[in-house]
Amino acid sequence: MTERAILVIDAGTTSTRAMLFDPDGGCRGVAQRDITQHYPAPGLVEHDAAEIWDRTHTCIAEMVEAAGGANRIAAIGITNQRETIVFWRRSSGEPLARAIVWQDRRTAAACERLREAGVEPRVQQATGLVLDPYFSGSKIGWALSNWPEVAAAGSDLAVGTIESWLIWKLAGGRHVTDATNASRTALMDIGTGRWDEGLCDLFGAPQGALPEIVDCAGPIATTSLFGAAIPITGVAGDQQAAAIGQACLRPGDTKATYGTGAFVLTCTGSERTMSEHRLLATVGWQLHGQRSYALEGSVFVAGSLVKWLRDQLGFVATAAETEALARSVADNGGVFAVPALAGLGAPHWRPDARAAITGLSFATGRAHIVRAALEAMAHQTFDLMQAFTADGARWGTLRIDGGMSANDWIAQDLADILEAPVERPAFVETTALGAAMLAGVGCGLFGSLAETASAMRGETRRFTPAMDAPTRGARIAGWRQAVGRVLD
Ligand SMILES: Nc1ncnc2c1ncn2[C@@H]1O[C@H](COP(=O)(O)OP(=O)(O)O)[C@@H](O)[C@H]1O
Ligand SMILES: O=P(O)(O)OC[C@H](O)CO
């Protein structure tokens, strides 16, 4: 019989999964279900929290069976889409409203009013974040002001991000969040690791409805829903988990995950930094009450652009087809895509910005537009690299992962435009691997994150820069002009 497995729950934006890992990092099985995206109006994105729980539960049950029963599972690790916020009743454990998703822009005006009132420096100082509808705090305030069921719940109201909701359901009413997820709410002081009363008041988020903030590894909760008790011993937001899965454990280590959005994190160590260039300071992980920090650049549209080309425009039948199309033309034919379909994130932070495809002519074909869309990944990452460098966080090798990183053309284009080596692990599900690593530390299978990284991480492939300087220069100049138009 094989060793006991680690079960990982990866509750992402578009799908939820359960995966089984062996202690050597081998992935033994995956169960996956899609999550319905609700778009009630332009700029609004909602999820059904009951659906997230039901589908996650189904995936877990499948993997418990595949493992040979709950007693064949040593521990559970949870990782999740961050910032998305759930409202439920403590008494019944039922959602009170739809979950407001991280991509939702409904609080743009409220954030703008707070900026005009001059409170952004206060928010940034305490939370490391900027004032943007992306983060949970303003979404909580909005729900309390606009959804009567939520406001009327009073002391029966529980609020939490997705991992908090799942732990509540798994562990029969345990209301906790880990420090990485809490650091994305704009309500936690990342220096102290505690909820900040002033910020809760500022955003209209009732502190009594919030979960207890705990470490990312350790005896976090226990579930007894699958036949025998299984401890939940690792929890982190998906981007922090990916950084751990990529072994970004020392200051300067950097990863970029290309999924629905693109998220770059550089480990900055135990000293919290403040960005001077509109990047985010965030908690990388918290162990034994000690926090390690990261600098983050969040890009809202990455793989979702390819999905849009596929589903809305019908340009490709599959996401993978974009690679052959990009290779089928010598260059972008003067076309640039600025994928501000959900506003622009770091380093611009313009929720009002709208997307553009520039440089179209009668010579433009479908392949040029697809190529321009893929090139936008390197362009957006280049903007981030400049902001990180200006903040003193120089990237060495960029470690990439996420569904979109499977595209070799994108990986090479990143190396070319960044003029830096890009490394991709053979196993690109680093988010899940990072949660497995945390759970492995939390259940005592490993003594430290460094130890689990050497035990669980596999092979990598390297892409080195090969583009000539004039071509690269023209690409960067073309992008600057296109993004400038969108910002104007
Ligand atoms: N070969 C590919 N080339 C380009 N884009 C891809 C490719 N494979 C997947 N994608 C894009 O990557 C995204 C899926 O990545 P994934 O990491 O699963 O996303 P998430 O975790 O955010 O749901 C989709 O938006 C898809 O369009
Ligand atoms: O679901 P993903 O992988 O696109 O990640 C979403 C991020 O956590 C949002 O901050």
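Residue numbering for the sequence shown is 1 to 488, as defined by full-length UniProt numbering. Yeah, the Cβ is synthetic: ideal placement off N, Cα and C, and Gly gets one too.
Asked	Found
Minimum C-alpha distance to residue 73 - residue among 203, 440 and 485	440
Where residue 135 falls, given that 16 or more other Cβ within 10 Å makes a residue buried	buried
Exposed unless 16 or more other CB atoms sit within 10 angstroms - verdict on residue 471	exposed
Beta-carbon separation (whole angstroms), residue 263 vs residue 296, contact threshold 8 Å	6 Å
Three-state secondary structure assigned by DSSP to residue 319	coil
Buried or exposed (CB count within 10 angstroms, at least 16 for buried), residue 39	exposed
Delimiting residues of the beta strand (DSSP E) encompassing residue 282	280 to 287
For residue 453, three-class secondary structure by DSSP	helix
Sequence ranges, alpha helix (DSSP H) only - wholly within the segment 360 to 416, length at least 4	366 to 390
Residue 328 - DSSP class collapsed to helix/strand/coil	coil
DSSP three-state assignment for residue 156, whether helix, strand or coil	helix
Secondary structure, alpha helix (DSSP H): runs of 4+ residues fully inside the segment 85 to 166	108 to 116, 120 to 127, 136 to 146 and 148 to 152
Touching by the beta-carbon criterion (3+ pairs, under 8 Å), the segment 147 to 157 and the segment 113 to 130	no
Supposed contact pair residue 316 and residue 261 - C-beta distance, whole angstroms, cut 8 Å	Not quite, the Cβ-Cβ distance comes to about 20 Å (not below 8 Å), so this is no contact.
Host beta strand (DSSP E) of residue 233 (start-end)	230 to 237
Pair within 8 Å by beta-carbon distance, residue 79 and residue 102	no
Minimum C-alpha distance to residue 118 - residue among 339, 131, 459 and 107	131
beta-carbon residue 102 near ligand 2 non-hydrogen atom, thresh 7 Å	yes
Reference residue 244, options 438, 48 and 139, closest by Cα	438
Nonlocal neighbours in the same chain, by C-beta distance under 6 Å from residue 340, ignoring five residues either side	353, 354, 355 and 486
Strand pairing of residue 218, partner residues [DSSP]	Paired residue(s): none; residue 218 is not in a bridge.
Cβ-heavy atom distance, residue 406 to ligand 1, below 7 Å	yes
Proximity test, residue 298 beta-carbon vs ligand 2 heavy atom, cut-off 7 Å	yes
Expected contact under 8 Å - CB spacing of residue 290 and residue 265 to nearest Å	Actually they do not touch by this definition, with Cβ atoms about 18 Å apart.
Residue 328 CB to nearest heavy atom of ligand 1 below 7 Å	no
C-alpha distance - residue 388 paired with residue 75, whole-angstrom precision	36 Å
Sufficient close CB pairs (3 or more, under 8 Å) joining the segment 307 to 327 to the segment 404 to 413	yes
Between the CA atoms of residue 271 and residue 63 - distance to the nearest angstrom	39 Å
Contact set for residue 114: own chain, Cβ-Cβ below 6 Å, skip 5 residues either direction	131
Continuous alpha helix (DSSP H) stretch holding residue 475: start and end	469 to 487
Burial state of residue 362 (16 or more Cβ within 10 Å)	exposed
beta-carbon residue 386 near ligand 2 non-hydrogen atom, thresh 7 Å	no
Spatial neighbours of residue 242 in its chain, beta-carbon cut-off 7 Å, leaving aside the 5 residues before and after	255, 257, 401, 430, 431 and 434
Buried or exposed by the 16-neighbour rule on C-beta atoms within 10 Å, applied to residue 7	buried
Alpha-carbon to alpha-carbon, residue 480 and residue 143	38 Å
Strand pairing of residue 8, partner residues [DSSP]	19 and 77
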